[in-house]
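**Q**
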Amino acid sequence: MTLWATTRIAIRALRVNKLRSALTMLGIVIGVGAVITMVAVGAGAQARVAEQIQSLGSNMIVVLSGSVTSGGVRLGSGSQQTLTEDDAWAIQREIPLVEAAAPTVRGGSQVVYGNMNWGTSIQGVTPEYFGARDWQVISGRLLTQEDVDGATKSALLGQTVTFNLFADSDPVGQVIRIKNVPFTVVGVLDRKGQTTYGQDQDDTVIIPLSTAKKKVIGASQANAKAVGSISVKVREARFMSAAEDEIRGLLRQRHRLQTYQDDDFWIRNLAEVLESQEASSRVLTILLAAIASVSLLVGGIGIMNIMLVSVTERTREIGLRMAVGARGRDILTQFLVEAVTLSLIGGVIGIGLGLLGTYAIAHFAEWRTLVDPRSIVVAFAFAAAVGIFFGFYPARKAAGLDPIEALRYE
Amino acid sequence: MADLLIETDRLVKDYHLGTRRVHALRGVSVSVHAGEFLAVMGPSGSGKSTFMNLLGCLDTPTAGRYRLDGVDVSAMKPDELAHIRNQKIGFVFQTFNLLARTTALENVELPLLYSQTAARDRRDRAHAKLAAVGLSEREHHHPAQLSGGQQQRVAIARALINEPVLILADEPTGALDTRTSVEIMALFQDLNRDGITVVVVTHEPDVARYAGRVLSFRDGLVTKDEPQTDLVDARRLLATLPHDYEQDEEETP
Numbered sequence: 117m118t119l120w121a122t123t124r125i126a127i128r129a130l131r132v133n134k135l136r137s138a139l140t141m142l143g144i145v146i147g148v149g150a151v152i153t154m155v156a157v158g159a160g161a162q163a164r165v166a167e168q169i170q171s172l173g174s175n176m177i178v179v180l181s182g183s184v185t186s187g188g189v190r191l192g193s194g195s196q197q198t199l200t201e202d203d204a205w206a207i208q209r210e211i212p213l214v215e216a217a218a219p220t221v222r223g224g225s226q227v228v229y230g231n232m233n234w235g236t237s238i239q240g241v242t243p244e245y246f247g248a249r250d251w252q253v254i255s256g257r258l259l260t261q262e263d264v265d266g267a268t269k270s271a272l273l274g275q276t277v278t279f280n281l282f283a284d285s286d287p288v289g290q291v292i293r294i295k296n297v298p299f300t301v302v303g304v305l306d307r308k309g310q311t312t313y314g315q316d317q318d319d320t321v322i323i324p325l326s327t328a329k330k331k332v333i334g335a336s337q338a339n340a341k342a343v344g345s346i347s348v349k350v351r352e353a354r355f356m357s358a359a360e361d362e363i364r365g366l367l368r369q370r371h372r373l374q375t376y377q378d379d380d381f382w383i384r385n386l387a388e389v390l391e392s393q394e395a396s397s398r399v400l401t402i403l404l405a406a407i408a409s410v411s412l413l414v415g416g417i418g419i420m421n422i423m424l425v426s427v428t429e430r431t432r433e434i435g436l437r438m439a440v441g442a443r444g445r446d447i448l449t450q451f452l453v454e455a456v457t458l459s460l461i462g463g464v465i466g467i468g469l470g471l472l473g474t475y476a477i478a479h480f481a482e483w484r485t486l487v488d489p490r491s492i493v494v495a496f497a498f499a500a501a502v503g504i505f506f507g508f509y510p511a512r513k514a515a516g517l518d519p520i521e522a523l524r525y526e
Numbered sequence: 369m370a371d372l373l374i375e376t377d378r379l380v381k382d383y384h385l386g387t388r389r390v391h392a393l394r395g396v397s398v399s400v401h402a403g404e405f406l407a408v409m410g411p412s413g414s415g416k417s418t419f420m421n422l423l424g425c426l427d428t429p430t431a432g433r434y435r436l437d438g439v440d441v442s443a444m445k446p447d448e449l450a451h452i453r454n455q456k457i458g459f460v461f462q463t464f465n466l467l468a469r470t471t472a473l474e475n476v477e478l479p480l481l482y483s484q485t486a487a488r489d490r491r492d493r494a495h496a497k498l499a500a501v502g503l504s505e506r507e508h509h510h511p512a513q514l515s516g517g518q519q520q521r522v523a524i525a526r527a528l529i530n531e532p533v534l535i536l537a538d539e540p541t542g543a544l545d546t547r548t549s550v551e552i553m554a555l556f557q558d559l560n561r562d563g564i565t566v567v568v569v570t571h572e573p574d575v576a577r578y579a580g581r582v583l584s585f586r587d588g589l590v591t592k593d594e595p596q597t598d599l600v601d602a603r604r605l606l607a608t609l610p611h612d613y614e615q616d617e618e619e620t621p
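Here the protein sequences come in this chain order: A and B.
So for the first sequence, the numbering used here puts the first residue at 117; every next one is plus one.
So for the second sequence, the numbering used here puts the first residue at 369; every next one is plus one.
1. Using a Cβ-Cβ distance under 7 Å, would A/Leu-436 count as near chain B?
2. Using 7 Å as the limit for Cβ to Cβ distance, is B/Phe-459 near chain A?
3. Would you kindly work out how many angstroms separate the C-alpha atoms of B/Ala-472 and A/Ile-422, rounded to a whole number?
4. Would you verify that the beta carbon of A/Ala-511 is, or is not, closer than 7 Å to some beta carbon of chain B?
5. I'd like to confirm the pairing. Which residues does DSSP put opposite B/Tyr-578 in its beta bridges?
6. Mapping DSSP to helix, strand and coil, what is A/Thr-220?
7. Under 7 Å, Cβ to Cβ, is there at least one residue of chain A near B/Tyr-434?
8. If we ignore side chains and look at the alpha-carbon of each, how far apart do A/Pro-489 and A/Val-301 end up?
9. Would you check if the region 411 to 425 of chain A and the region 124 to 143 of chain A touch, i.e. whether three or more CB-CB distances between them fall below 8 Å?
10. For the pair the region 363 to 374 of chain A and the region 225 to 240 of chain A, tell me if three or more CB-CB distances fall below 8 Å.
11. A/Gly-274 to A/Val-214, Cα distance in whole Å?
12. Quick one: list the residues of chain A neighbouring B/Tyr-482, beta-carbon separation under 9 Å, in chain order.
13. Give the range of the beta strand (DSSP E) segment to which B/Ser-397 is assigned.
14. State the Cα-Cα distance for the pair B/Ala-468 and B/His-508, rounded to the nearest angstrom.
15. Going along chain A in order, which residues have a C-beta closer than 7 Å to the C-beta of B/Leu-393?
16. Tell me whether A/Met-232 is buried or exposed, calling it buried when 16 or more other Cβ atoms sit within 10 Å of its Cβ.
17. When Cβ atoms are compared, which residues of the region 396 to 421 of chain A fall closer than 9 Å to chain B?
18. Chain D beta carbons: is any one of them nearer than 7 Å to that of A/Val-427?
19. Taking just the CA atoms, how far does B/Asp-587 sit from B/Ala-392?
20. Secondary structure at B/Arg-388, three-state DSSP: helix, strand or coil?
21. So, for A/Thr-529: in the same chain, excluding its five sequence neighbours on each side, which residues have a beta-carbon less than 7 Å away from its beta-carbon?
22. Give me the chain B residues within the contact set of A/Glu-454, using Cβ-Cβ distance strictly less than 9 Å, ordered along the chain.
23. If you draw a straight line from the C-alpha of A/Asn-175 to the C-alpha of A/Leu-424, how long is it?
24. Rounded to the nearest angstrom, what separates A/Lys-269 and A/Val-494 at their Cα positions?
25. For A/Ile-520, which residues in chain B fall below 8 Å Cβ to Cβ?
26. Between the C-alpha atoms of A/Met-356 and A/Ile-333, what's the straight-line distance to the nearest angstrom?
27. Is any beta-carbon of chain B found at less than 7 Å from that of A/Val-528?
28. Between B/Val-590 and B/Leu-599, which are expected to be in contact by the criterion C-beta below 8 Å, what is the C-beta distance as a whole number of angstroms?
29. Going by beta carbon distance, what residues of the same chain come within less than 7 Å of B/Tyr-383, once the five residues before and after it are set aside?
30. Could you tell me the alpha carbon to alpha carbon distance between B/Lys-416 and B/Gly-395, rounded to whole angstroms?
31. Mind listing the chain B neighbours of A/Arg-432? Cutoff is C-beta to C-beta under 8 Å, in chain order.
32. Three Cβ pairs or more, each shorter than 8 Å: is that satisfied between the region 458 to 472 of chain A and the region 500 to 509 of chain A?
33. Counting beta carbon pairs with one atom in the region 542 to 551 of chain B and one in the region 495 to 513 of chain B, are three or more of them shorter than 8 Å?
34. Quick one: what's got a C-beta closer than 8 Å to B/Met-420's C-beta in the same chain, skipping five residues either side?
35. What residues from the region 121 to 145 of chain A come within 7 Å of chain B, judged by C-beta to C-beta, listed N to C?
36. What number of angstroms, rounded off, separates the C-alpha of A/Val-297 from the C-alpha of A/Gly-266?
Right under this line is the structure:
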């Protein structure tokens, strides 16, 4: 008998008990749907983390000014600018693992354009910053060494600032005022999105480091070269922790810290934080998929249950088929195909339900979801495997019946 | 002999019922020629059903040999027996054993599903056999929409579909009224006249009267094996029976 003929017989047998078949299928439908939805939710979370790593700039280490112990009083982090521009140049020059080190000062201010104003963060940077952060302009140009050397009043705007001050018009060439100092907008930065902590990276205005110190943020009285942080780009991801150690060593040496003294700076390897987040979201995905798989397993048990009932109910039919020439394997195939048909139809409906569920979650809960085509293939194959696995025992039971007994069965 | 269709040699069949051993057949040697009409009689427990199961290749003997159509089938494996049943034997049961919710035509086709027959061919042959038993008009009816006699005729058409050498009928009229029973027996006699060997298992002497040879079983042995002395022609008997209004449409061709 051809597989197609067997399948037709199976579909007919399933249609005899429509409600029963539908309920049995439901187990598989929910199982497959749950696997697809849960994997999509997990993959969405992973993609989000991956994007954050991307937006941070790859292989980024941030060195922040740290706490200072002064006369037994430990001041909090950032209370004093312990880092200097020279620290940044030293890092860049003396640590070969480092590709670029960009000193940065940061402050906050109201930015005014025409009758619009917007409170945002002001960052003073050197050209190395853009390389370290992998940050490009979408119009205009980046800041150059000449801007820093000449302390020009040039500014780059983040997307959020651009939107709030200029709405849809092009800001390049326009003049904005920061703390009453007029700045010419030379470029608009590409979108970066939020950091892991939910901070909007696009809500910023970037100006030359020198200008920031002289005109906007102001320089420390103690040290004109002090900066708030240094963004460091390491050459390769695998050198991250080595670079971190070398930076620490170098800075401790430069700051003349004794072994008993704490670091007066903080090194933040944000990629590492994100990577651990990614790992945990990957674990979450696996966990979700595993829980969803359990429902697929339960659906399979439902199939087995109903197939056992079916074999018992149709004992006489089996006996008759054997009497007219069906071999054991013909009967086995028939019931196996029936079970697999149930699970495959359930699988197809489940895929539909899974995609719908994914869409609903993305739409109503506004969670990031990502449907991986592989998860559909895997869920479908798993459904088929469940059909074969749980259909096999009832089918073998049917095939093993004695035709005489089966014909006599009441 | 060349035309010996059934040849059993001291067939023995034992069953185990718990720890007890039941001797269902204790050495049965029977020869049946092609074209015979044989009735197998005996009370329940006489071994006639066991004999029938062995003849039908549904079971294998504990000892002894059975040759069907020149082939020794007594030591065959289940799959080989299934093939023999499919090709050489047509079964007719007391309770018809038709598949519910399946049309008459598809019921008749069933054995062909297990003999690699093309769909078109299956349909044509089922068509022809249903016509042969006078049910062309009922091809697309389900068993539930047919009378008992009609159902049994569908079953007979199914038994004939693979052109078997042997028709085995187990109490074929057990569930039918008198007139319908005679009609069914008339059908068997027609088939037998066309050359098909028919074996009918029954405990009703009335049914045995249509067979040319009667085999009686008791306690697992053949006690009598004699030609029918009082052979009845079912078709002539039918002419004398009053017509039942319900059965009018069932006139055999």
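Ideal Cβ positions, reconstructed from N, Cα and C, are used throughout, including at glycine.
Because the structure is a prediction, the values reported are computed rather than measured.
**A** Short version:
1. In the first sequence, counting from the first residue as 1, residue 436 of chain A sits at position 320. Look at A/Leu-436: its C-beta is under 7 Å from a C-beta on chain B.
2. Counting from one through the second sequence, the residue named residue 459 of chain B turns up at place 91. Yes, its Cβ sits closer than 7 Å to a Cβ of chain A.
3. On the second sequence, residue 472 of chain B is found 104 positions in, with the first residue counted as 1. On the first sequence, residue 422 of chain A is found 306 positions in, with the first residue counted as 1. Between the alpha carbons of B/Ala-472 and A/Ile-422 lies a distance of about 28 Å.
4. As a working note, residue 511 of chain A is residue 395 in the first sequence. Taking CB atoms only, A/Ala-511 has no neighbour in chain B less than 7 Å away.
5. Reading the second sequence from its first residue, position 210 is the one you call residue 578 of chain B. Beta-bridge partners assigned by DSSP to B/Tyr-578: none are found.
6. For this step, residue 220 of chain A is matched to residue 104 along the first sequence. It is a strand residue.
7. Here residue 434 of chain B is taken as the residue at index 66 of the second sequence, counted from 1. Chain A contact via Cβ: absent.
8. What you label residue 489 of chain A is simply residue 373 of the first sequence in a count that begins at 1. What you label residue 301 of chain A is simply residue 185 of the first sequence in a count that begins at 1. Distance from the CA of A/Pro-489 to the CA of A/Val-301, rounded to the nearest whole angstrom, comes to 45 Å.
9. A contact exists between the region 124 to 143 of chain A and the region 411 to 425 of chain A.
10. At 8 Å Cβ cutoff, the stretches do not touch.
11. Walking along the first sequence from the start, residue 274 of chain A turns up at place 158. Walking along the first sequence from the start, residue 214 of chain A turns up at place 98. For A/Gly-274 and A/Val-214, the distance between alpha carbons rounds to 26 Å.
12. In the second sequence, the residue the question calls residue 482 of chain B occupies position 114. Those are Met-117, Arg-437, Val-440, Gly-441, Ala-442, Arg-443, Asp-446, listed as they occur along chain A.
13. As a position in the second sequence, residue 397 of chain B is number 29, starting the count at 1. First-last for B/Ser-397: undefined, no H or E at that position.
14. Residue 468 of chain B sits at position 100 when you count from the first residue of the second sequence. Residue 508 of chain B sits at position 140 when you count from the first residue of the second sequence. Our two residues, B/Ala-468 and B/His-508, have alpha carbons roughly 13 Å apart in a direct line.
15. Here residue 393 of chain B is taken as the residue at index 25 of the second sequence, counted from 1. Going along chain A, no residue has its Cβ under 7 Å from B/Leu-393, so there is no contact; the nearest lies around 14 Å.
16. In the first sequence, counting from the first residue as 1, residue 232 of chain A sits at position 116. Result: exposed.
17. When C-beta distances to chain B are compared with 9 Å, every residue of the region 396 to 421 of chain A stays at or above that value.
18. Here the protein chains are A and B, and chain D is not one of them.
19. Here residue 392 of chain B refers to the residue found at position 24 when the second sequence is read from its first residue. Here residue 587 of chain B refers to the residue found at position 219 when the second sequence is read from its first residue. Their backbone Cα atoms lie some 7 Å apart in a straight line.
20. Position 20 of the second sequence, counting from 1, holds the residue named residue 388 of chain B. When secondary structure is reduced to three states using DSSP, B/Arg-388 falls in the strand class.
21. As displayed, chain A neither begins before 117 nor continues past 526, which places residue 529 of chain A out of reach and without an answer.
22. Residue numbering aside, residue 454 of chain A sits at position 338 when the first sequence is read from its first letter. Residues of chain B passing the Cβ test: none, with the nearest at roughly 15 Å.
23. As a first step, residue 175 of chain A is located in the first sequence; it is residue number 59 there, counting from the start. As a first step, residue 424 of chain A is located in the first sequence; it is residue number 308 there, counting from the start. Going by the C-alpha atoms only, they are around 59 Å apart.
24. In the first sequence, the residue the question calls residue 269 of chain A occupies position 153. In the first sequence, the residue the question calls residue 494 of chain A occupies position 378. Taking the straight line from one Cα to the other gives about 58 Å.
25. For this step, residue 520 of chain A is matched to residue 404 along the first sequence. Those within 8 Å of A/Ile-520 in chain B are Asn-421, Leu-426, Asp-427.
26. As a working mapping, residue 356 of chain A is identified with position 240 in the first sequence. As a working mapping, residue 333 of chain A is identified with position 217 in the first sequence. Between A/Met-356 and A/Ile-333, the C-alpha separation is close to 31 Å.
27. No answer is possible for residue 528 of chain A: it lies beyond the span of chain A, which begins at 117 and ends at 526.
28. On the second sequence, residue 590 of chain B is found 222 positions in, with the first residue counted as 1. On the second sequence, residue 599 of chain B is found 231 positions in, with the first residue counted as 1. Not a contact, Cβ separation roughly 20 Å.
29. Along the second sequence, one-based indexing puts residue 383 of chain B at 15. The answer, listed in chain order, is Val-390, Ala-392.
30. On the second sequence, residue 416 of chain B is found 48 positions in, with the first residue counted as 1. On the second sequence, residue 395 of chain B is found 27 positions in, with the first residue counted as 1. B/Lys-416 and B/Gly-395: Cα-Cα distance of roughly 13 Å.
31. For the purposes of this step, residue 432 of chain A is taken as the residue at position 316 of the first sequence. Under the 8 Å cutoff, chain B gives Asn-465.
32. They touch, by the three-pair rule.
33. Cβ pair count under 8 Å is below three, so no.
34. Residue mapping note: residue 420 of chain B aligns to position 52 of the second sequence, counting from 1. Taken in chain order, the residues that qualify are Val-408, Leu-536, Asp-538, Val-567, Val-569.
35. Hits within the stretch, in order: Ala-121, Val-132.
36. The residue given as residue 297 of chain A occupies position 181 in the first sequence. The residue given as residue 266 of chain A occupies position 150 in the first sequence. Between the alpha carbons of A/Val-297 and A/Gly-266 lies a distance of about 16 Å.
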